[in-house]
Each structure stands twice: as structure tokens, then as C-alpha cells.
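A.B. asks: Chains as they are written, first to last, in the numbering used here: chain Y, 15 to 230; chain G, 15 to 230. Sharing a structure with you now.
Protein chains: 2
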Amino acid sequence: MSENVGRWLRDEIENSILSNEFSPGERLDEMVLATRFGVSRTPVREALMQLDAIGLIEIRPRRGAIVIDPGPHRVYEMFEVMAELEGLAGSLAARRLDKASREAITATHSRCEQSAAAGDSDAYYYDNEEFHKAIYAAGRSEFLEEQCVQLHRRLRPYRRLQLRVRNRLSTSFSEHCAIVDAIFAGDGDEARRLLRTHVGIQGERFSDLVASMALR
Amino acid sequence: MSENVGRWLRDEIENSILSNEFSPGERLDEMVLATRFGVSRTPVREALMQLDAIGLIEIRPRRGAIVIDPGPHRVYEMFEVMAELEGLAGSLAARRLDKASREAITATHSRCEQSAAAGDSDAYYYDNEEFHKAIYAAGRSEFLEEQCVQLHRRLRPYRRLQLRVRNRLSTSFSEHCAIVDAIFAGDGDEARRLLRTHVGIQGERFSDLVASMALR
DNA sequence: GTCAATGATCGTGTATACAAGAAGTGCTAT
DNA sequence: ATAGCACTTCTTGTATACACGATCATTGAC
């Protein structure tokens with residue numbers, strides 16, 4: 015809890031939304047949140063305004079804030095953009111790889127290997143996130159990294175669901191291997207192509223997504 | 015001025031920043047803004063929180079808000095991402111083109127032709143924006159379109175500066191022609207490639223950008 | 001003369017009060 | 001009994017008040 019209550023609340027509420035504690039469509043009552051966090055309405059409102067600006071909630075004038083429900087189609091579109099950005103990050107990473115980034119990628123990659131081998135989808139979920147973040151960082155573009163991290167956050171719940179589908183764990187890891195090879199070989203185009211297909215949703219995986227979203 | 019003062023102020027201040035009325039690094043005093051717009055500090059603060067969330071300003075606790083100065087390198091990174099997103103939009107547009115989008119692209123494209131022929135860089139600046147927006151819309155991905163429009167807004171001042179450089183006007187328009195051809199031919203990969211190089215900044219154009227940014 | 005410390009002033013952060021609009025409920029009339 | 005209208009209540013939107021922290025200036029000491 016930083017010295018800034020408004021920002022703290024923003025993160026707190028954002029996490030609650032992304033972890034599905036507040037379901038899409040749910041109404042966020044300012045007073046309820048204020049008493050729940052033991053503060054007044056002012057910082058709560060500031061947090062809500064920020065979440066509205068980011069696009070996580072929608073504030074309708076005089077009618078309160080509701081959690082936005084992206085819906086399957088929009089989630090698909092978000093993955094499409096994510097795939098493109100990750101592709102760019104990968105291609106930059108291949109071109110600009112330095113020792114530190116190489117080690118970070120190697121470390122997170124081997125952690126993925128362990129959790130994939132153990133079949134621990136929750137552990138893999140976390141390690142996978144660190145792996146992707148290592149690639150964002152290796153691209154050496156602060157702005158791109160920020161965009162990737164932000165979008166990754168918003169897609170987090172869906173990525174999690176996806177990992178539970180079929181034998182996605184081992185498939186995912188073998189794709190990681192190819193991606194690492196391409197980046198370490200300095201093959202930017204190949205890294206871009208592999209990351210795009212790794213992150214993107216194509217063919218039957220879209221119906222998997224819709225199905226897993228319906229489960230909630 | 016919608017019924018919501020906070021949102022109105024956000025747009026107002028955002029425009030002031032993007033049109034360089036508030037210079038990067040400048041401090042935004044809440045009370046000054048409040049009296050200037052004839053409201054109290056509350057909606058001003060809400061507007062500032064939102065601009066902070068978007069990334070246009072930075073609010074340092076107890077030290078006020080300052081307009082963020084991206085700096086040449088970060089602007090370059092933003093163009094890099096913009097190029098990637100526009101490339102995706104173009105490739106989707108080529109695949110999903112329908113009659114209405116085709117007409118919108120044709121219309122904005124011919125307006126660009128006129129202002130380019132007239133050598134009117136201000137007119138071309140506006141027509142160019144509409145042309146690019148027509149492509150975003152033709153991609154039929156709401157999320158991508160929003161991301162493109164938002165990033166385009168933030169890069170607007172720099173795009174404008176770029177048009178003043180050398181004979182960029184005619185070069186830009188001839189690139190537009192090739193892009194339109196590729197999209198209308200349904201060649202997504204070519205449209206993507208062309209848009210990426212059209213929007214991106216490579217080689218000597220980076221030094222042009224830095225030089226034009228220093229002019230301000 | 002310069003540097004540091006302390007106090008004053010200004011601006012931000014949070015709370016609370018007040019106003020205005022929207023939604024829900026109850027009553028009446030058909 | 002149902003539909004429409006009015007009233008009440010609840011929630012949001014804006015203003016204002018108060019407190020705490022940061023910055024700046026002034027004074028004193030080395």
C-alpha cells in the first residue's frame with residue numbers, strides 16, 4: 015500500500031477484476047468499495063476513472079461503473095494484436111540479444127520445462143508469463159515492452175483457461191523451444207513467425223477458447 | 015461539453031497536450047486548470063488521473079502532474095509499434111475488404127491525391143489521417159482499430175512534423191497508391207509489408223525526426 | 001561567502017457535504 | 001388486474017474544507 019491510496023486502489027480493483035473476483039457486467043458501487051477498503055469515495059472514484067481510461071470498466075454517466083465483458087470475439091481480436099506485438103518483440107530480441115537477456119530467457123525457459131514435465135499447469139502458467147516477459151525485455155524497446163505487459167495482463171485470465179485445454183502444456187513448451195532457437199540464432203523473421211502462431215488463436219483453438227470462456 | 019465535466023476536461027487537456035499547448039515537462043497545476051475551465055479541482059483531478067493512466071502525463075505523489083516528454087528514442091519505439099499495428103490492420107483489410115470499406119479507402123485516398131498535388135501539407139495531414147483510419151476500420155477488428163486510433167493520436171504531432179520534411183508529401187502519396195493496390199488485390203502480406211515501411215522510421219528518416227523534434 | 005537547517009507557504013491527497021439525476025416502488029385510475 | 005404516473009430513495013457528480021508533505025527562502029553558523 016503505497017503512499018498513494020488512489021493508485022493502490024486502482025491496482026487492487028484491477029487485480030480483482032482480472033482474477034474474476036468481480037465478474038464482467040457486475041456493477042461496482044463506489045460506497046461499497048470505499049467501506050470495503052476503509053477509505054472515502056474520493057480515491058475510489060479516482061481509481062475507477064483510471065480503470066475506465068484503461069478500458070477495464072465502463073463508467074456510464076450517473077449510472078455507475080460496470081466491469082466490461084469483452085466477449086469471445088473481442089478477446090480473439092485482443093489475442094490477434096498480442097500475437098503481432100509479441101512477434102515484433104521476438105524479432106527485435108533476435109536482432110538485439112545480449113548476454114543478460116539471453117540468460118533471462120534461458121532461465122525462464124528451463125523453468126517452463128520443469129513445470130511442463132511435472133504437468134503442473136498452474137506453475138507453468140506463472141513460468142510461461144515470466145518467459146514471455148523475458149522476451150519482451152530482450153527486445154529493448156521500452157514502449158513495446160509496456161504495451162506487451164499491459165495487454166498480457168488483460169489477457170491473463172484467458173491464457174490461464176487456455177492452458178487447461180487438452181494437451182496444450184507440452185505443445186506450448188515445444189513451441190517455446192523453437193522460439194528460443196530462432197531468437198538465439200538471430201533469426202528475427204523466424205522468431206516473429208513462430209511467436210505469432212504461438213500466441214495467436216487459429217482454427218479450432220478459437221472454439222476451445224469460446225468453450226473455456228463459457229465454463230466460468 | 016458532455017454532461018460529464020471530468021470526461022470533457024480529459025479530452026480538453028489531452029488536446030492541449032497533443033497540440034503542444036502544454037509542452038513536455040510542463041507542470042499542470044490543478045488550481046490553475048480549475049479556474050481556467052471554471053470548475054473545481056475535483057473534476058480536474060479526475061481528468062489528470064485518466065491522462066496518467068493513458069500515459070500522457072505523470073503524477074508524482076504530492077509533487078503534481080507533468081506532461082511526459084517521450085524523447086526521440088521513445089517516439090521511435092512508438093512508431094515501430096504503430097508500424098506493426100498498421101501492418102496488421104492492412105493485412106486484415108486486404109482479407110476482409112467489403113464494399114463500404116473499399117469506397118471509404120478510395121474516397122480518402124483521392125482526397126490525399128488532391129492535397130498532395132496542391133502541395134498543401136496541412137490539408138494532406140488531415141486527409142492522410144482519414145486515409146489511415148479508413149484502413150483501420152477496414153480491418154474489421156474493433157480492438158485493433160481502437161489501439162491504432164489511440165496510438166495515432168499520440169503520434170499525431172510527430173507525424174505532422176514529418177510531413178514538413180523534404181519532399182515527404184509526394185513520397186507518402188506514392189506509397190499510399192501501392193498500399194491501396196495491395197489491399198484491393200487482396201494481397202495481405204504485401205499490404206502488411208508496405209504499411210510497415212510506410213509508417214515505420216528507418217535509416218535517415220530517424221535523424222529527420224530528431225531534427226524536426228528539436229525545432230519545436 | 002557559502003552551505004545547511006529551519007520555518008513558512010503553497011499545492012496535493014483525502015474526506016465530507018450538498019445537489020441533481022436515475023431507478024424502483026407504490027398508488028391510482030381505467 | 002394492469003398500466004401509467006408520481007414520489008421517494010439511493011447513487012453519482014461536483015464543490016469545498018482540512019491535513020500533510022514538499023519546496024523554497026531566509027537566517028545563522030562555519
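Note that the Cβ used here is the ideal one computed from N, Cα and C, for glycine as well.
Measure the beta-carbon distance from Ala205/G to Ser115/G and round it to whole angstroms, keeping in mind my assumption that it falls under 8 Å.
C.D. replies: About 13 Å; that fails the 8 Å criterion.
A.B. asks: Any Cβ of chain G within less than 8 Å of the Cβ of Met63/Y?
C.D. replies: yes
A.B. asks: When Cβ atoms are compared, which residues of the segment 154-177 of chain Y fall closer than 7 Å to chain G?
C.D. replies: Ser155, Glu156, Phe157, Leu158, Gln161
A.B. asks: Go ahead and label His87/Y buried or exposed: buried means 16 or more other beta carbons lie within 10 angstroms of its beta carbon, across all protein chains shown.
C.D. replies: Exposed, because fewer than 16 other Cβ atoms sit within 10 Å of the Cβ of His87/Y.
A.B. asks: Let's see if you can read the secondary structure: which residues bound the alpha helix (DSSP H) around Ala107/Y?
C.D. replies: Ala107/Y -> alpha helix (DSSP H) spans 85-110.
A.B. asks: For the beta strand (DSSP E) holding Val53/Y, just list the boundary residues, first then last.
C.D. replies: Val53/Y -> no beta strand (DSSP E), and no H or E assigned at all.
A.B. asks: Does the count of Cβ pairs from the segment 119-127 of chain G and the segment 145-152 of chain G closer than 8 Å reach three?
C.D. replies: Counting Cβ pairs under 8 Å, three or more are found: they touch.
A.B. asks: Smallest Cα separation from Leu118/G: which of Phe36/G, Ile197/G, Glu94/G?
C.D. replies: One detail in the question is off: residue 118/G reads as Ala in this sequence, not Leu. Minimum Cα distance to Ala118/G is reached at Ile197/G.
A.B. asks: Within the same chain, show all residues whose beta-carbon is closer than 6 Å to that of Leu62/Y, passing over the 5 residues directly before and after it, in chain order.
C.D. replies: Ala79
A.B. asks: What residues from chain G crowd round Glu227/Y, counting only those whose CB sits closer than 9 Å?
C.D. replies: Correcting the residue type first, residue 227/Y is Met in the shown sequence and not Glu. The contacting residues do not exist; Met227/Y stays about 16 Å from chain G at best.
A.B. asks: Can you name the residues that DSSP bridges to Leu42/G?
C.D. replies: Ala79/G
A.B. asks: Mapping DSSP to helix, strand and coil, what is Glu35/G?
C.D. replies: Coil.
A.B. asks: Let me know the secondary structure DSSP gives Ile27/Y once reduced to three states.
C.D. replies: Reduced to three states, the DSSP call for Ile27/Y is helix.
A.B. asks: Taking C-alpha atoms, which residue in Ser188/G, Asn18/G, Ser135/G, Asp83/G lies nearest to Ile31/G?
C.D. replies: With distances taken between Cα atoms, Ile31/G lies closest to Asp83/G.
A.B. asks: Cutting at 6 Å between CB atoms, please list the residues of its own chain near Gly202/G, excluding the five before and the five after it.
C.D. replies: Ser105, Ala108, Arg109
A.B. asks: Anything in chain Y within Cβ reach of Ala67/G, meaning under 9 Å, just list it in chain order.
C.D. replies: Arg24, Met63, Gln64, Leu65, Asp66, Ala67, Ile68
A.B. asks: List the residues of chain G that Leu223/Y touches, going by C-beta distances under 9 Å, in chain order.
C.D. replies: Those within 9 Å of Leu223/Y in chain G number zero; the least Cβ separation is about 15 Å.
A.B. asks: Taking Cβ positions, are Glu40/Y and Val81/Y nearer each other than 8 Å?
C.D. replies: yes
A.B. asks: Consult DSSP for Ile68/Y and reduce its assignment to one of helix, strand or coil.
C.D. replies: helix
A.B. asks: State whether the segment 94-104 of chain Y contacts the segment 163-180 of chain G, with contact taken as three or more CB pairs (one from each stretch) at a distance under 8 Å.
C.D. replies: no
A.B. asks: Can you name the start and end residues of the alpha helix (DSSP H) that Val163/Y belongs to?
C.D. replies: 156-177
A.B. asks: Relative to the alpha-carbon of Ala48/G, which residue among Glu35/G, Leu65/G, Ile27/G has its alpha-carbon at the smallest distance?
C.D. replies: For the residues Glu35/G, Leu65/G, Ile27/G, the minimum Cα distance to Ala48/G belongs to Ile27/G.
A.B. asks: According to DSSP, Ile73/G sits in a beta bridge with which residue or residues?
C.D. replies: Ala79/G
A.B. asks: Going by alpha carbons, who is nearest to Asn18/Y out of Ser33/G, Glu60/G, Arg76/G, Leu42/G?
C.D. replies: Nearest neighbour of Asn18/Y by Cα position, chosen from Ser33/G, Glu60/G, Arg76/G, Leu42/G, turns out to be Arg76/G.
A.B. asks: Check distances from the C-beta atoms of the segment 200-213 of chain G to those of chain Y and list, in chain order, the residues that come in under 8 Å.
C.D. replies: none
A.B. asks: Beta carbon of Met227/G, beta carbon of Phe157/Y: below 8 Å?
C.D. replies: no
A.B. asks: Leaving out five residues on either side along the sequence, give the residues of the same chain with a beta carbon under 7 Å from the beta carbon of Cys126/G.
C.D. replies: Cβ neighbours of Cys126/G within its own chain (closer than 7 Å, five residues either side excluded): Tyr138, Asp141, Asn142, Phe145, Phe187, His190.
A.B. asks: Strictly below 8 Å CB to CB, what residues from chain Y border Asn18/G?
C.D. replies: Pro75
A.B. asks: Determine, for Leu42/G, whether the minimum Cβ-Cβ distance to residues of chain Y falls below 8 Å.
C.D. replies: Taking CB atoms only, Leu42/G has no neighbour in chain Y less than 8 Å away.
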